[in-house]
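Visitor: Taken in order, these protein sequences are the chains called Y and X.
In terms of full-length UniProt numbering, the numbers along the first sequence are unbroken and rise by one, the last being 234.
In terms of full-length UniProt numbering, the numbers along the second sequence are unbroken and rise by one, the last being 234.
There are 2 protein chains.
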Amino acid sequence: MPQHEHDPCSSCAARGYSVCSAIDDKDLGRLAATAVVRDLAKGETFIEEGDSASDFFNVTRGTVKLYKLLPDGRQQVTGFAGAGHFLGLAVSNTYAFSAEAIEQSRVCRFSRPKLRELLHDFPALEERLLQTACNELVAAQEQMLLLGRKTARERVASFLVARLETGIPCVNPSDAIALPMTRGEIADYLGLTIETVSRTFSRFKAEKRIAIPSNTEVVILDRPWLSGIAAGLQ
Amino acid sequence: MPQHEHDPCSSCAARGYSVCSAIDDKDLGRLAATAVVRDLAKGETFIEEGDSASDFFNVTRGTVKLYKLLPDGRQQVTGFAGAGHFLGLAVSNTYAFSAEAIEQSRVCRFSRPKLRELLHDFPALEERLLQTACNELVAAQEQMLLLGRKTARERVASFLVARLETGIPCVNPSDAIALPMTRGEIADYLGLTIETVSRTFSRFKAEKRIAIPSNTEVVILDRPWLSGIAAGLQ
DNA sequence: CGCACACTTGAACCCCCTCAACCCAAGTGG
DNA sequence: CCACTTGGGTTGAGGGGGTTCAAGTGTGCG
């Protein structure tokens, strides 16, 4: 009998760097029992802003974008969530943002009452969630600085450097970055237009600061310089 | 013997709508013993970005601004914290932002270890902090939408409407808003310049949507219209 | 009064956006 | 196999919203 059928958590790719790491191996069965795995196709929306917030999610594969919309269609991407990322923290009864898979992805779904039980039984989990929330808050403040005060060049440089830092720690032949998102999604994340993102990429490339082997990949050639631009120097 | 000397918390203006409300009256003495009250003059900085994060703060009077700086002096205000607001949540060992009193203010200071004790003894407090963090996260996402995708008019309208909604619930003779911050601070909060903020105020005034009895006060004359602009309609 | 500081207003400029054309790769179907 | 479509990306030209620079207007306070 395949063990992983009954305990998907122990073999989960996100196990270790997700909030789940707050739970001991021996209690993993309990966790697996409360979670429901869901596969998402590229482009699939699984959280809609304003909908009643009945569930929490943990991304275990792929990448999802979190975003908010204005009535006329203007979109602000508030973040990209990869494997290990926890979603849906909210006091309110409705989601404050939408979430869409930007590539083939997988999420782990917890119902609100079930998570509440878990939190009660595993105090370490609550502490871990608080830590997570704090980290997101810090990231959000950094993004506000970017959106409110940085130039287009600085925004794109910040994005690339941040991707490098928070990128998957393993598999880094040189300074290559995977970009599962489109230029449009990067633009909506940085408060720019597609054209400006594309032009800035092209300029960095012409200046030999980056290389663009494909649309979904960027190689950092001059990291110190990019970091400097990102920080607002020069 | 004056009771409030030994129990400043029970008479605190922020008692009730701060995180402290998670603690029963009978345990307030304990809270008071761990807190240190500090008065701040206008313009006084009490948290410096990058400094080691040894303390947490609770604003109990006045208003403070939270902000981040770029090396060349560009400033992004990430929020204004009034009475009841909790500051300093961070996993990291250093503060991710600076904080400065923009008017005569008072804060309640907790050392990190002491707060940790409190959290241990009052689980409700930890839950309350998590709620607080979630609310701030939602606000931060809303601000990202503003900074990344809204026009100057929409930003200023959003600011005014938000001030009205989160304003001190009592003492609201009509739809008057107190603005303890300068135009420059509003500009740094909205990702604009002083001039644009001033011009937008003037336009709203000329269009009879607001009145400006003084530099530190605005009266909303057409709230539905302002709300519409803030939401991105028209 | 007169200085300081915050705010307002005007004019010119510029960075980024808008609009438009084009490129390229991957389907798709006759 | 090739014509056609579709989606994402690039590049160019022109325009506009907000910034920059600069001058002027209160207003509080010594």
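No residue lacks a Cβ here, since even glycine has one placed at the ideal position from N, Cα and C.
Computed from a predicted structure; not experimentally measured.
Does residue 95 of chain Y come out as helix, strand or coil in the three-state DSSP assignment?
Guide: Coil at residue 95 of chain Y, not helix or strand.
Visitor: Using the rule of at least 16 other Cβ atoms within 10 Å of the residue's Cβ for burial, across every protein chain shown, is residue 117 of chain X buried or exposed?
Guide: By the 10 Å Cβ count, residue 117 of chain X comes out exposed.
Visitor: With distance defined between alpha-carbon atoms, name the residue in Y:153, Y:81, Y:95 nearest to residue 225 of chain Y.
Guide: Ranking the options by Cα distance to residue 225 of chain Y, first place goes to Y:153.
Visitor: How long is the line joining the alpha carbons of residue 182 of chain X and residue 70 of chain X, rounded to whole angstroms?
Guide: So the two alpha carbons sit approximately 20 Å from each other.
Visitor: Taking buried to mean at least 16 other C-beta atoms within 10 Å of its own C-beta, is residue 17 of chain Y buried or exposed?
Guide: So residue 17 of chain Y ends up on the exposed side.
Visitor: Indicate whether residue 43 of chain Y and residue 74 of chain X have their beta-carbon atoms separated by less than 8 Å.
Guide: No.
Visitor: Check this for me: beta carbons of residue 134 of chain Y and residue 81 of chain X, under 8 Å apart or not?
Guide: The answer is no: Cβ separation not under 8 Å.
Visitor: Starting from residue 97 of chain Y, find everything on chain X with Cβ-Cβ shorter than 7 Å and list it in chain order.
Guide: Correct list: 141.
Visitor: What in chain X is Cβ-close to residue 134 of chain Y, meaning under 7 Å?
Guide: Within chain X, the residues near residue 134 of chain Y are 89, 90, 91, 133.
Visitor: With distances taken between CB atoms, is the gap from residue 127 of chain Y to residue 180 of chain Y smaller than 8 Å?
Guide: For residue 127 of chain Y and residue 180 of chain Y, no; Cβs fall outside 8 Å.
Visitor: Around the C-beta of residue 125 of chain X, are 16 or more other C-beta atoms found within 10 angstroms, so that it is buried, or is it exposed?
Guide: With 16 or more Cβ atoms within 10 Å of its Cβ, residue 125 of chain X is classed as buried.
Visitor: Hey, residue 67 of chain Y and residue 46 of chain Y are a contact pair by Cβ (cut 8 Å); roughly how many whole angstroms apart?
Guide: The Cβ separation is near 13 Å, so there is no contact.
Visitor: For residue 171 of chain X, does the count of other Cβ atoms within 10 angstroms reach 16, so buried, or fall short, so exposed?
Guide: Low per-residue confidence applies at residue 171 of chain X: pLDDT is 46, beneath 50, and the placement is therefore not dependable, though the value from the model is reported in the following sentence. By the neighbour-count rule (16 or more Cβ atoms within 10 Å), residue 171 of chain X is not buried but exposed.
Visitor: Pairing CB atoms from the region 136 to 145 of chain X with CB atoms from the region 49 to 63 of chain X, are three or more of them under 8 Å?
Guide: Not touching, per the Cβ criterion.
Visitor: Please confirm whether residue 71 of chain Y has its beta-carbon closer than 8 Å to some beta-carbon of chain X.
Guide: Judged by the 8 Å Cβ criterion, residue 71 of chain Y is in contact with chain X.
Visitor: Would you say residue 197 of chain X reaches chain Y, if we count a Cβ-Cβ gap shorter than 8 Å as a contact?
Guide: Not closer than 8 Å to any Cβ of chain Y, the Cβ of residue 197 of chain X fails to qualify, so no.
Visitor: DSSP has residue 202 of chain X in a bridge; who is on the other side?
Guide: DSSP output for residue 202 of chain X lists no bridge partner at all.
Visitor: By the three-class DSSP mapping on this structure, what secondary structure does residue 105 of chain Y have?
Guide: Residue state, collapsed to three classes: strand.
Visitor: Using a Cβ-Cβ cut-off of 8 Å, state whether residue 171 of chain X counts as contacting chain Y.
Guide: In this prediction, residue 171 of chain X has a pLDDT of 46, which is less than 50 and means its spatial position is unreliable; what the coordinates show is noted afterwards. By this cut-off, residue 171 of chain X is not an interface position.
Visitor: Against residue 68 of chain X, what residues of chain Y qualify as contacts under a CB-to-CB distance less than 8 Å, listed in chain order?
Guide: Those are 141, 142, 144, 145, listed as they occur along chain Y.
Visitor: Candidates Y:200, Y:208, Y:148: which alpha carbon is nearest residue 156 of chain Y's?
Guide: Cα-wise, what sits closest to residue 156 of chain Y is Y:200.
Visitor: Just mark residue 206 of chain Y as buried or exposed, buried being the case when its beta carbon has 16 or more other beta carbons within 10 Å.
Guide: Result: exposed.
Visitor: Identify the contact partners of residue 76 of chain Y in chain X, using a Cβ-Cβ distance below 7 Å as the criterion.
Guide: Ordered by position in chain X, the residues that pass the 7 Å Cβ test against residue 76 of chain Y are 144, 145, 148, 149.
Visitor: Checking 8 Å against the spacing of the C-beta atoms, do residue 40 of chain Y and residue 111 of chain Y come in under that value?
Guide: No; because the gap between Cβ atoms is not below 8 Å, this pair is not in contact.
Visitor: Name, please, each residue of chain Y whose Cβ falls closer than 9 Å to the Cβ of residue 126 of chain X.
Guide: Residues of chain Y passing the Cβ test: 123, 126, 127, 130.
Visitor: With distances taken between CB atoms, is the gap from residue 109 of chain X to residue 36 of chain X smaller than 8 Å?
Guide: Yes. Within cutoff.
Visitor: Which residue wins for smallest C-alpha separation from residue 77 of chain X, given the options X:143, X:210, X:227, X:83?
Guide: The candidate whose alpha carbon is nearest that of residue 77 of chain X is X:143.
Visitor: Give the residues of chain Y in contact with residue 64 of chain X, contact being defined as C-beta atoms less than 8 Å apart.
Guide: Under the 8 Å cutoff, chain Y gives no residues; its nearest Cβ is about 15 Å from residue 64 of chain X.
Visitor: Just to confirm the assignment, what range does the beta strand (DSSP E) spanning residue 220 of chain X have?
Guide: It spans 217 to 220 - the beta strand (DSSP E) in which residue 220 of chain X sits, taken as one unbroken run.
Visitor: Would residue 16 of chain X pass as an interface residue toward chain Y - the criterion being a Cβ-Cβ separation below 8 Å?
Guide: For residue 16 of chain X, the answer is no, since every Cβ of chain Y falls outside 8 Å of its Cβ.
Visitor: List the residues that DSSP assigns as beta-bridge partners of residue 58 of chain Y.
Guide: Answer by DSSP bridge pairing, in chain order: Y:86, Y:108.
Visitor: Counting only Cβ-Cβ distances shorter than 9 Å, please list the residues of the region 207 to 233 of chain Y near chain X, keeping chain order.
Guide: So the close ones are 231, 232, 233.
Visitor: If residue 227 of chain X sits next to residue 161 of chain X, beta carbons under 8 Å apart, how far is it from one beta carbon to the other, in whole angstroms?
Guide: About 5 Å; that satisfies the 8 Å criterion.
Visitor: So residue 84 of chain Y contacts chain X; which residues on that side make the cut at Cβ distance below 8 Å?
Guide: Correct list: empty, because the minimum Cβ distance to chain X is about 16 Å.
Visitor: Does the separation of the CB atoms of residue 175 of chain Y and residue 219 of chain Y fall below 8 Å?
Guide: In this structure, residue 219 of chain Y lies closer than 8 Å to residue 175 of chain Y by Cβ.
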